[in-house]
Each structure stands twice: as structure tokens, then as C-alpha cells.
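For the sequence shown, the numbering used here assigns the number 77 to the initial residue and increments by one for each residue that follows.
Below: the structure, in C-alpha cells.
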Amino acid sequence: MMSGPCHILVITKKEATDAIPHWKELRELRESVPDEPKAEKPDRLEGTMETESILNICDVQDSVEDASRQLAFFFPNFYIKKTDQKVEKTLALIRPSLLKERRHSIMQRIKDDGFKIAMQKEIILSEEQTREFYKEHENQDYFPVLLEQMTSGPTLVLALTRENAVAHWRDLLGPKTVEEAKKENPNSLRAKYAVNNIPIDQLHGSSTPDDAQKELQFFFPQEHTLALIKPAAAKKHKDDIMQKVKDAGFTISKIKEEALTREMATQFYKDHKGKPFFEELVTCMTEGPSVIMVLTKVNAVEEWRQLMGPTDPEVAKETSPESIRARFAQDILSNAVHGSSNREHALKSIECVFGEIDID
Ligand code: ATP
Ligand code: MG
Numbered sequence: 077m078m079s080g081p082c083h084i085l086v087i088t089k090k091e092a093t094d095a096i097p098h099w100k101e102l103r104e105l106r107e108s109v110p111d112e113p114k115a116e117k118p119d120r121l122e123g124t125m126e127t128e129s130i131l132n133i134c135d136v137q138d139s140v141e142d143a144s145r146q147l148a149f150f151f152p153n154f155y156i157k158k159t160d161q162k163v164e165k166t167l168a169l170i171r172p173s174l175l176k177e178r179r180h181s182i183m184q185r186i187k188d189d190g191f192k193i194a195m196q197k198e199i200i201l202s203e204e205q206t207r208e209f210y211k212e213h214e215n216q217d218y219f220p221v222l223l224e225q226m227t228s229g230p231t232l233v234l235a236l237t238r239e240n241a242v243a244h245w246r247d248l249l250g251p252k253t254v255e256e257a258k259k260e261n262p263n264s265l266r267a268k269y270a271v272n273n274i275p276i277d278q279l280h281g282s283s284t285p286d287d288a289q290k291e292l293q294f295f296f297p298q299e300h301t302l303a304l305i306k307p308a309a310a311k312k313h314k315d316d317i318m319q320k321v322k323d324a325g326f327t328i329s330k331i332k333e334e335a336l337t338r339e340m341a342t343q344f345y346k347d348h349k350g351k352p353f354f355e356e357l358v359t360c361m362t363e364g365p366s367v368i369m370v371l372t373k374v375n376a377v378e379e380w381r382q383l384m385g386p387t388d389p390e391v392a393k394e395t396s397p398e399s400i401r402a403r404f405a406q407d408i409l410s411n412a413v414h415g416s417s418n419r420e421h422a423l424k425s426i427e428c429v430f431g432e433i434d435i436d
């Protein structure tokens, strides 16, 4: 062992805690058929371990205790992170009857299970929305009851995040119907949070990460807005403003740095044509390069306007001192940033600058 360098590997298996048996199994298989040609044993260690002699001199731990001891010996600072499990988002619905009767209890349970609530809203679903959301269930016998339930009052819609959120939430919910849940897994949430006399389960969760994405998009649609760092601020405060954009959770879907043409500036500010400051405004907007971005987020138009703050920096300092204009504007004309005032303006301005509105 001391004759030369050793390779010390920490091997991890993704989903389970059974790296040791798995490794042992591979080693045993390899030892039992030493002479088979390589091509016939694709699942074993060839490719990664070239020769038998390597396997024979491998020292592999046989128990978790041994493994932990040796791990601590060779890698005293080894920190077993759970990074294999991605932080995911899933969609949860708390249906009207449960929400009315046991809102506090279910919300506490969700938090106790390590979920964070990334977004939430309470809505009374219309019949049309319910049909759209549950279109795959439309022909099932239970659909009329589901429809009646879902439209009977407010539903709480939650975007839940944690590691492995989709599977974890689905596992907690348990079997699909209240009846099965009570029989097969009385500790599941669908059994525990069943509401008397109502055959429909009171909780929904997305089935797969792909479904989660679609369902989240249904309830929390992403929006695009056009955001611009005006020339004077682009020169002096670009990095600070970009940091604010990122900290606020916007995705920068498109970005370019160039001076606006008069045509673009006129499109952005067409509602102000004829006002006394219009000409000066267009000149100020076209006098040097701006940073022009398409920002994407749920409710992007409104959120970007909030982050910009009031038009007049003096007002901004009073009412929203953390806003971009409060911190980086020179005066009302050179007020650091621009943002579309509504979705329609956003689409037109994006098209005018980037030539397309089709953004991923
Ligand atoms: P923006 O449209 O640039 O995102 P906003 O929507 O907060 O800002 P608007 O009322 O649309 O403000 O005005 C457009 C721009 O015109 C402002 O950003 C500002 O630079 C300028 N502006 C607005 N009011 C005045 C004014 N009274 N005097 C001078 N400039 C003004
Ligand atoms: Mg405006």
C-alpha cells in the first residue's frame, strides 16, 4: 500500500443509499465470469476498469460504517451534499372544501415537509378553466363531481419548491382516490385531508416534471417585458442595475447594447407625442448606447415597473428608496430605466427592437 500513489475514489449512487451492495454486486459478477468476452457483459465494469487485476486489488468497503470511517480518514472535510437531487418546482392545488375547513393545518404540513412556496394565488376556477385544466379527465365518471367541486369556491394554487419536489409531493399525497388512499395508505395526505362526504380528493400534485412545467405555466403564465437602461445610466451604473435585475429573479431572454433609433424611441413613447418634453426625451434616449433587454418572469411587466420605481426620482427616493430610479436616476428625463407600461406595449416594443416576439 505504501509503494506508490493510490487512487481513492468516493463513489455515489444517485437515488438510493445502496451504493455498497451495488458496487459489491458488480465486483462479484466480474469475479464469477472472468473470461467472457467484453462485448457480452455491457453492464459490468469493463470500460471503466480495464483489467481483472485492478478489481482484485480494489479495497471496497462492505458496510456503511466502514465506508464512513474510511471516508472520514481520507477526506476529513468531505461534505455529503444532496446535490444529486435537483431543486424542483411542482404545482399543488388545495381544493375548495379543504381550503375552507383546514387551510392552516395543510399549509403547516406543507412547510413541515420542507417545501417552500415560490408562488401562490387563490382563485375561483371558472367552468371553462376547470375543463381546460382537466381536459384529460373529461370523459371519466367522476368528472361532473370534480367540476362541481372545483368551481364551488376558491382553490389555493401553490408552486412548491424543494429537492425532488414533484415525486416527493406526489408520494405524500398517496393513492389517487380518497377510497384507495384510506385503504392502502391511511397516513397519506389524501386520506388524512379527506373531507367528509366528498368523494373527490382534496389535493392535487403534478405527476412528472414535464407536467409540472405545463401546469405551472397554466396558473402562473410567464410574461415578457421590454426593459431598457437609458444611455446615461448605461454608462455609469450598468453593473449595479443588471445585478438588481438578476436579484429580482428575472430571466434575461434577450439583450443587446445599442443606441436607439429615433423610430424606436418614438415607438416606446408614442403615447407622449405632443407633450412638451417629447423632443428632449427622444434626444436623451438616442444620444448613446442603451442596454435593451427582454425580461421574462411571471407578471414581468408589473414587476419591472415596481423595480424601476416612480418616474420622478425625487418621488422615488421618498416612496421607494430601494428602487432603481431612487438609486441611479439623474433627473426625470435621465431616469435610469424604461419599461413597457402594459403587455401590449411590451409586445410591440419587443418586435420593434428585436424584430420578433417569439421568445422561448
Ligand atoms: P418609462 O415610460 O420611461 O418607463 P414611466 O412609464 O414611468 O417611464 P412615462 O409617464 O411613460 O413614465 O414617461 C416617459 C418618460 O418621459 C419618463 O421615463 C421620463 O423620462 C419622461 N418624463 C415623464 N414626465 C416628464 C416630465 N414631466 N418632464 C420631463 N420628462 C418627463
Ligand atoms: Mg411609460
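Idealized CB from N, CA, C, for every residue including glycine.
Since this is a predicted model, take the numbers as computed values, not measurements.
{"Asked": "If we ignore side chains and look at the alpha-carbon of each, how far apart do L121 and T88 end up?", "Found": "Here the model assigns L121 a pLDDT of 48, short of 50, so the residue's position is not dependable and the matter cannot be decided."}
{"Asked": "State yes or no: is the C-beta of F294 within less than 9 Å of the C-beta of V374?", "Found": "no"}
{"Asked": "Is any heavy atom in the ligand MG found nearer than 8 Å to the beta carbon of S399?", "Found": "no"}
{"Asked": "Can you tell which of T227, K187, E198, Q184 has the C-alpha that lies nearest to the C-alpha of E204?", "Found": "T227"}
{"Asked": "Flag F353 as yes when its Cβ comes closer than 8 Å to any non-hydrogen atom of the ligand ATP, and as no otherwise.", "Found": "yes"}
{"Asked": "Considering only the alpha carbon of each residue, which of L85, S202, E177 lies closest to Q146?", "Found": "L85"}
{"Asked": "Quick one: residues in its chain with C-beta nearer than 6 Å to the C-beta of A392, no 5 flanking neighbours on either side, listed in chain order?", "Found": "G385, P386, S399, R401, A402"}
{"Asked": "In chain order, which alpha helix (DSSP H) runs of at least 4 residues are fully inside the stretch 283-350?", "Found": "285-295, 307-312, 314-323, 338-344"}
{"Asked": "Rounded to a whole number of angstroms, what is the C-alpha to C-alpha distance between A303 and V370?", "Found": "6 Å"}
{"Asked": "For chain B, is any of its Cβ atoms less than 9 Å away from the one on H213?", "Found": "No chain B is part of this structure, which consists of one protein chain only."}
{"Asked": "Taking 8 Å as the cut-off, is the beta-carbon of D347 closer than that to any non-hydrogen atom of the ligand MG?", "Found": "yes"}
{"Asked": "On the CB-based measure, 16 or more other CB atoms within 10 Å of its CB, does L171 come out buried or exposed?", "Found": "It is Arg, not Leu, that sits at residue 171 in the sequence shown. It is buried - the Cβ of R171 has at least 16 other Cβ atoms within 10 Å."}
{"Asked": "Using a Cβ-Cβ cut-off of 7 Å (strictly less than) and excluding sequence neighbours within five positions of L223, which residues of its own chain qualify?", "Found": "E203, T206"}
{"Asked": "Measure the alpha-carbon distance for K187 versus K314 and round it to whole angstroms.", "Found": "38 Å"}
{"Asked": "Sorted by chain position, which residues of the same chain lie with C-beta nearer than 8 Å to G229's C-beta, five sequence neighbours on each side aside?", "Found": "P172, S173, L175, K176, I200"}
{"Asked": "What residue range is occupied by the uninterrupted alpha helix (DSSP H) comprising K192?", "Found": "Not the alpha helix (DSSP H): K192 falls in the beta strand (DSSP E), residues 192-199."}
{"Asked": "Quick one: what's got a C-beta closer than 7 Å to L292's C-beta in the same chain, skipping five residues either side?", "Found": "K165, L167, A235"}
{"Asked": "Would you kindly check if the distance between the Cβ of T362 and the Cβ of A341 is under 9 Å?", "Found": "yes"}
{"Asked": "Within 8 Å: the Cβ of R381 and any heavy atom of the ligand ATP?", "Found": "yes"}
{"Asked": "If you draw a straight line from the C-alpha of K290 to the C-alpha of C360, how long is it?", "Found": "42 Å"}
{"Asked": "Classify T332 as buried or exposed, calling it buried when 16 or more other Cβ atoms lie within 10 Å of its own Cβ.", "Found": "Note on residue identity: the sequence assigns Lys, not Thr, to residue 332. Its Cβ having fewer than 16 others within 10 Å, K332 is exposed."}
{"Asked": "Would the beta-carbon of G364 fall within 9 Å of that of A422?", "Found": "no"}
{"Asked": "So what does DSSP say about S366, is it helix, strand or coil?", "Found": "strand"}
{"Asked": "Can you give the Cα-Cα distance for Q278 and A288, rounded to whole angstroms?", "Found": "18 Å"}
{"Asked": "Which of helix, strand or coil does DSSP assign to E126?", "Found": "Residue confidence for E126 is low, a pLDDT of 47 falling below 50, so the modelled location carries little weight; the figure read from the coordinates is stated next. It is coil, neither helix nor strand."}
{"Asked": "From M318 to T253, what distance separates their C-alpha atoms?", "Found": "48 Å"}
{"Asked": "In this structure, how does DSSP classify A376 when only helix, strand and coil are distinguished?", "Found": "helix"}
{"Asked": "Just checking my contact of Q343 with K424 at CB under 8 Å: how many whole Å lie between their CB atoms?", "Found": "7 Å"}
{"Asked": "Have a look at E427 and V271 and give me their C-alpha separation to the nearest angstrom.", "Found": "50 Å"}
{"Asked": "Using CA atoms only, rank isn't needed, just tell me which of Y269, R238, F151 is closest to H49.", "Found": "Since the first residue of the chain shown is 77 and the last is 436, residue 49 is not available in this structure."}
{"Asked": "How is T237 classed by DSSP in three states: helix, strand or coil?", "Found": "strand"}
{"Asked": "Which value, in whole angstroms, describes the spacing of the CA atoms of L336 and V413?", "Found": "13 Å"}
{"Asked": "Contact defined as beta carbons within less than 8 Å: I believe P389 pairs with N411. What is the distance between those atoms, to the nearest angstrom?", "Found": "6 Å"}
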